[in-house]
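Novice: Once you've had a glance at the structure underneath, I'll fire off some questions.
2 protein chains.
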Amino acid sequence: MRTLQETIKVHYSSLSPGQQKVAAFYIERPQEAALLTAFQIGKQVGVSETTVIRLAYALGFSGYSELQQALRKDWLLPKQDISEVLPSKDGQTNDNQLIRQVILREQAILQNLAEQIKVDDVWAMAETLIHSDRIYIGGFGSSYAAAYWLYYALKQMRGNVVISSPTGFMTEDICDLTTNSAAVIFSFPRYRQDTVQAATIAKEQGAKIIGITDRTLSPIGQLADMTFTSSENEVTDAHSIASIISLLDMLLAGMRIRDCEHIAKRQQQLEHLYAEQQLFSE
Amino acid sequence: MRTLQETIKVHYSSLSPGQQKVAAFYIERPQEAALLTAFQIGKQVGVSETTVIRLAYALGFSGYSELQQALRKDWLLPKQDISEVLPSKDGQTNDNQLIRQVILREQAILQNLAEQIKVDDVWAMAETLIHSDRIYIGGFGSSYAAAYWLYYALKQMRGNVVISSPTGFMTEDICDLTTNSAAVIFSFPRYRQDTVQAATIAKEQGAKIIGITDRTLSPIGQLADMTFTSSENEVTDAHSIASIISLLDMLLAGMRIRDCEHIAKRQQQLEHLYAEQQLFSE
DNA sequence: AACACATTGCATGTAAAACTTCAAAAGTCT
DNA sequence: AGACTTTTGAAGTTTTACATGCAATGTGTT
Numbered sequence: 001m002r003t004l005q006e007t008i009k010v011h012y013s014s015l016s017p018g019q020q021k022v023a024a025f026y027i028e029r030p031q032e033a034a035l036l037t038a039f040q041i042g043k044q045v046g047v048s049e050t051t052v053i054r055l056a057y058a059l060g061f062s063g064y065s066e067l068q069q070a071l072r073k074d075w076l077l078p079k080q081d082i083s084e085v086l087p088s089k090d091g092q093t094n095d096n097q098l099i100r101q102v103i104l105r106e107q108a109i110l111q112n113l114a115e116q117i118k119v120d121d122v123w124a125m126a127e128t129l130i131h132s133d134r135i136y137i138g139g140f141g142s143s144y145a146a147a148y149w150l151y152y153a154l155k156q157m158r159g160n161v162v163i164s165s166p167t168g169f170m171t172e173d174i175c176d177l178t179t180n181s182a183a184v185i186f187s188f189p190r191y192r193q194d195t196v197q198a199a200t201i202a203k204e205q206g207a208k209i210i211g212i213t214d215r216t217l218s219p220i221g222q223l224a225d226m227t228f229t230s231s232e233n234e235v236t237d238a239h240s241i242a243s244i245i246s247l248l249d250m251l252l253a254g255m256r257i258r259d260c261e262h263i264a265k266r267q268q269q270l271e272h273l274y275a276e277q278q279l280f281s282e
Numbered sequence: 283m284r285t286l287q288e289t290i291k292v293h294y295s296s297l298s299p300g301q302q303k304v305a306a307f308y309i310e311r312p313q314e315a316a317l318l319t320a321f322q323i324g325k326q327v328g329v330s331e332t333t334v335i336r337l338a339y340a341l342g343f344s345g346y347s348e349l350q351q352a353l354r355k356d357w358l359l360p361k362q363d364i365s366e367v368l369p370s371k372d373g374q375t376n377d378n379q380l381i382r383q384v385i386l387r388e389q390a391i392l393q394n395l396a397e398q399i400k401v402d403d404v405w406a407m408a409e410t411l412i413h414s415d416r417i418y419i420g421g422f423g424s425s426y427a428a429a430y431w432l433y434y435a436l437k438q439m440r441g442n443v444v445i446s447s448p449t450g451f452m453t454e455d456i457c458d459l460t461t462n463s464a465a466v467i468f469s470f471p472r473y474r475q476d477t478v479q480a481a482t483i484a485k486e487q488g489a490k491i492i493g494i495t496d497r498t499l500s501p502i503g504q505l506a507d508m509t510f511t512s513s514e515n516e517v518t519d520a521h522s523i524a525s526i527i528s529l530l531d532m533l534l535a536g537m538r539i540r541d542c543e544h545i546a547k548r549q550q551q552l553e554h555l556y557a558e559q560q561l562f563s564e
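Next up, the structure:
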């Protein structure tokens, strides 16, 4: 028997009435139980602190502290299977497996994103972008790819979107921003200093700063009004932008839902112009 | 300010170095932090118990216990988003589901990629790129983001890499190609005609054409010497580039394995130049 | 170099939680 | 009903964790 819950089931029938009540609490509300003290749990189920402690002995633990530790481990464990996938620095694995592990890693990061993401924040950012009179997108070096993806998608939806060049920003782009504008700043390790400068200038113009970065406490994260992080609690030196793209796709989906009339209208206009240009084949 | 993470972000810049280390731990591993004692956290990040406790005061709490309680509350609350997932007639909730479906869709695409990918083809492409004297990367419109990502990563590894502008190609870039060169052409719906033109010119120069597209039989797929497809049997009008990025990451991983000496050497050179420029913060 | 100031960790004090003991209450058997 | 066993909680003890004063160290400034 491995988890605490399994241990409890085995011993349950041989427990005293009071201990059974406590045991039931552990099964039904494990998260709460992991945080409360023996006294508090006793109070919750209507027995004395002593009875709670005695349950630990009855289950074969050396004391209540040990039981609590076991419970907390069970709770943290599910989170750990992601990190098990990541540092697969096994020298024995052949090269083909290394290639495939790239996908496994991406999947793990996506899973983590799905668990961590706060949908409300996505909505808030979508609303901000919809109602901004002007949007500046800044992303240099390795961040430029993701920045351009956002730029292109926003351009499909609305006007007044500008993007920096991949090599650096032009002050002229940023100084057009107003208090009704938004600046989306991408910044990933190695954090470039000019990214921070661009954000600072945009902030001086009163624009809302939306930071897309890897950690809340990264240089941009500290400046930004809203921050989106790709994989906060992961330890991955080599950052992939795949999860960032997914994040942006969520944002874009949100904007399409909230602002569908305008977007549809613009789409029509674009279609018309495309047709004139004969830009596309098929 | 509501959550502990937000509180930390506000105060972060005014914290002492030691306190910042502790604060970062709270952001990066909140679950673990919620369970550990002040002493244990201090041990984890390498500071004394005292410093941990002082962080609580710096953040405006009446003591460490209060901070811990706040963190534990934040942790127990997210459990409520289960109701978010459950089907509901509430319009708002359905929208939230739509957002989350973006991730589910990405995961499905990745899964598909993992099943379909031929690792040998990845190796072949990696070898081709390593041994090319010159690499041209073409990707216009929506394809440019992925193209740039590849460009940037290749630039980190080797010289003689050029990329088209997002709006169109310059014939001069392509005509420098030789029979020992490679041209990586990105093309996704709506297929732009100039992409095909660029590929044709590159082929006339004798360069190997590597097509990154959505279907084997897309315009580029028919021209290319090797073709990579993101999601052949998926029917998704709004194509995401997340899987393309994953594909590129596999390719890049392959190149790093096969050509690690050269890459390491170039990396060192770059590091040296970066240091001179002071391009990066931290 | 000398000063002020901030930061940090050790040592000690205090509060709280875990553990132990013991006697009363409840249940069981003859 | 009386004796025995089991169960339980209040009170006391020990351990652990939080809190605080103080000295040592480091940093920047005049």
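Here the protein sequences come in this chain order: E and G. Using our numbering, you'd call the opening residue of the first sequence number 1 and step up by one each time. Using our numbering, you'd call the opening residue of the second sequence number 283 and step up by one each time. Cβ coordinates follow ideal geometry from the N, Cα and C atoms, glycine included.
#1: Going by DSSP, what residue range makes up the beta strand (DSSP E) through Lys208/E?
#2: Would Glu127/E count as contacting chain G if we go by Cβ distances under 8 Å?
#3: Can you tell me which residues form a DSSP beta bridge with Met226/E?
#4: Just to confirm the assignment: which complete alpha helix (DSSP H) runs, minimum length 4, are found wholly within the region 370-425 of chain G?
#5: Nearest to Glu409/G by alpha carbon, out of Leu533/G, Gly421/G, Leu505/G, His554/G?
#6: Just verifying my parser: in three-state terms, what is the DSSP assignment at Phe343/G?
#7: With a 10 Å radius around its C-beta and 16 neighbouring C-beta atoms as the bar for buried, classify Glu543/G as buried or exposed.
#8: Between the region 294-316 of chain G and chain E, which residues of the former have a C-beta closer than 9 Å to a C-beta of the latter?
#9: Pull up the DSSP beta-bridge partners for Phe307/G, would you.
#10: Would Phe283/E and Asp214/E be called neighbours here (beta carbons separated by less than 8 Å)?
#11: Which residues of chain G have a Cβ atom closer than 7 Å to the Cβ of Val47/E, listed in chain order?
#12: So, at 8 Å on beta carbons, what are the nonlocal neighbours of Arg538/G in its own chain, with the 5 sequence-adjacent residues on each side left out?
#13: Among Pro299/G, Thr509/G, Glu310/G, Ser347/G, which one has its Cα closest to the Cα of Thr319/G?
#14: Tell me which residues of the region 132-144 of chain E have at least one Cβ-Cβ distance to chain G shorter than 8 Å, keeping chain order.
#15: Cβ closer than 7 Å: which chain G residues qualify as neighbours of Asn96/E?
#16: What does Gly168/E pair with, by DSSP beta-bridge criteria?
#17: Taking the DSSP output, what are the residues bridged to Ile185/E?
#18: Give the range of the alpha helix (DSSP H) segment to which Leu534/G is assigned.
#19: Give the interface partners of Leu113/E over in chain G, defined as CB-CB distance under 7 Å, in chain order.
#20: From the DSSP output, in three-state form, read off Arg192/E for me.
#21: How long is the line joining the alpha carbons of Ile103/E and Ala406/G, rounded to whole angstroms?
#22: Could you work out which residues of chain G lie near Val122/E, taking near to mean beta carbons separated by less than 8 Å?
#23: Less than 8 Å between CB atoms is the rule here; does Tyr148/E satisfy it with respect to chain G?
#24: Counting contacts by CB-CB distance shorter than 8 Å, is Arg158/E in contact with chain G?
#25: Hey, is Gln549/G's beta-carbon within less than 8 Å of any beta-carbon in chain E?
#26: Under 8 Å between the Cβ atoms of Gln31/E and Leu317/G?
#27: With 8 Å set as the bound, which would you pick, yes or no: does the beta-carbon of Gly493/G sit closer than that to a beta-carbon of chain E?
#28: Which of the three DSSP states, helix, strand or coil, is assigned to Asp458/G?
#29: By DSSP, does Gly324/G sit in helix, in strand, or in coil?
#30: Any beta-carbon of chain E closer than 8 Å to the one on Ser446/G?
#31: Taking Cβ positions, are Phe422/G and Asp476/G nearer each other than 8 Å?
#32: Between the Cα of Glu115/E and the Cα atoms of Leu247/E, Ser48/E, Thr171/E, Leu129/E, which residue gives the shortest distance?
#33: Nearest CA to the CA of Val119/E: which residue from Ala56/E, Gly254/E, Tyr151/E?
#34: Which word fits Glu106/E, buried or exposed, when buried means at least 16 other C-beta atoms lie within 10 angstroms of its C-beta?
#35: With DSSP collapsed to three states, give me the class of Ser13/E.
#36: Tell me the residue span of the alpha helix (DSSP H) that contains Leu35/E.
Specialist: Short version:
#1: 208-213
#2: no
#3: Ile210/E
#4: 373-398, 401-413
#5: Leu533/G
#6: coil
#7: exposed
#8: Tyr294, Ser295, Gln302, Ala305, Ala306, Ile309, Glu310, Arg311, Pro312, Gln313, Glu314, Ala316
#9: Answer is none; Phe307/G lacks a bridge partner.
#10: Because residue 283/E is not part of the residues shown, which for chain E are 1 to 282, the question remains open.
#11: In chain order: nothing, as chain G lies at least about 23 Å away.
#12: Met439, Ile545
#13: Ser347/G
#14: Gly141, Ser142, Tyr144
#15: Val401
#16: Ser165/E
#17: Gly138/E, Gly211/E
#18: 524-540
#19: Ile385
#20: strand
#21: 18 Å
#22: Ile381
#23: yes
#24: no
#25: no
#26: no
#27: no
#28: coil
#29: helix
#30: no
#31: yes
#32: Leu247/E
#33: Gly254/E
#34: buried
#35: helix
#36: 30-35
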